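Here's the structure, in structure tokens; my notes come after.
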Amino acid sequence: MRILIAEDSPTLGRDLRDALVRDGHVVDLATDGEQAMHFLASFSYDVVTLDLMMPRADGWAVLRSLRDRPDRPRVLVLSARGQVEDRVDVLNLGADDFMVKPFAYAELLARLHALMRRGESAPVLLQAGRLVVDPRARTACVGDTLLPLSPKEYALLEMLLAHRGRVFSRAALFEGLYDARSEASDKVIEVLVSTLRTKLAQAGVEQLIETRRGFGYVVAA
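Right, here's the structure in full:
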């Protein structure tokens, strides 16, 4: 998942970001409401964790900015304001869930995963010949062999398989796999593609990821 944290507490924001990165997610951190809205206008997110009391624009303003978006992410509000009225207000504005601070990170992760499952039907497996990718388990197997992929290699493979036939530029793949604070350049994608191809080839899957020179990479439909 790509997650935006909107939180004005530096310590809580960093701790939350680190916990979510360890869980395998791509995470951006906004420290005020205006920055959060800038991120939301620039990138596509699966989930937003949203503090209500932020400078420059509060959480209610951020929620209102999302109401009519067709690609609206799911929103989990994290707030010290736990009164019933506050919960009702944000849920009526379009929030999907509400947690009162302080909270346990294990519960937060469970709620984020539950948000992503809402509205889903049976799990969808991604297949290409003998290669099977399970997005829920975040695993890739060839037959009975589990591929030893790094989190970024797995994310790259899932992204390409989920959009078979679509050519992704190096910049587009970088944006989907790395958060905005990353100091890496999009040249890292070439390295990821190379190591992923090697691991696929070792498992007997060759020529899955095609290079379209001048355009990018694709898994053919």
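Heads up, the sequence shown is in our numbering, so the first residue is 526 and it goes up one at a time.
Quick reminder that beta carbons are idealized off the backbone N, C-alpha and C, glycines included.
All values derive from a computational prediction rather than experimental measurement.
- Contact between the stretch 657-668 and the stretch 709-718 is absent: fewer than 3 CB-CB pairs across the two stretches fall below 8 Å.
- Counting other Cβ atoms within 10 Å of its Cβ, F623 reaches 16 or more and is therefore classed as buried.
- Apart from sequence neighbours up to five positions away, the residues of its chain that approach D533 with a beta-carbon distance below 7 Å are T556, D557, D576, M579 and P580, ordered along the chain.
- Scanning its chain for C-beta atoms nearer than 8 Å, with the 5 sequence neighbours on each side dropped, one finds around D614 the residues W585, in chain order.
- About 7 Å separates the CB atoms of Y703 and V551; that is less than 8 Å, so the two are in contact.
- Contact between V743 and V692 holds: CB atoms are separated by about 4 Å, below the 8 Å threshold.
- A distance below 8 Å between beta-carbons, with the five flanking residues on each side excluded, links A561 to the following residues of its chain, in chain order: L529, A531, A555, V573, L575, M579, A582 and V587.
- The distance from the Cβ of L685 to that of I734 is about 6 Å, consistent with a contact at the 8 Å cut-off.
- Beta-bridge partners assigned by DSSP to F623: V602.
- DSSP places G558 in the helix class (H, G or I) of the three-state scheme.
- DSSP, read as helix, strand or coil, puts E532 in coil.
- Cβ atoms of L601 and R636 come within 8 Å of each other, at about 6 Å.
- Annotated three-state conformation of E700 is helix, per DSSP.
- The beta carbon of R689 sits closer than 6 Å to the beta carbons of V744 and A746 from its chain, once the five residues preceding and following it are set aside; these are given in chain order.
- Within the same chain, Cβ atoms closer than 8 Å to the Cβ of F568 are found at R527, L529, D553, E700 and A705, the five residues on either side in sequence being excluded.
- Closest in C-alpha terms to L681, from the list D540, E708 and G549, comes G549.
- For the pair G654 and R695, the CB atoms are not nearer than the 9 Å cut-off.
- With respect to R597, L618 sits apart: the two C-beta atoms are not nearer than 9 Å.
- Distance between V649 and L537, taken at the CA atoms: about 34 Å.
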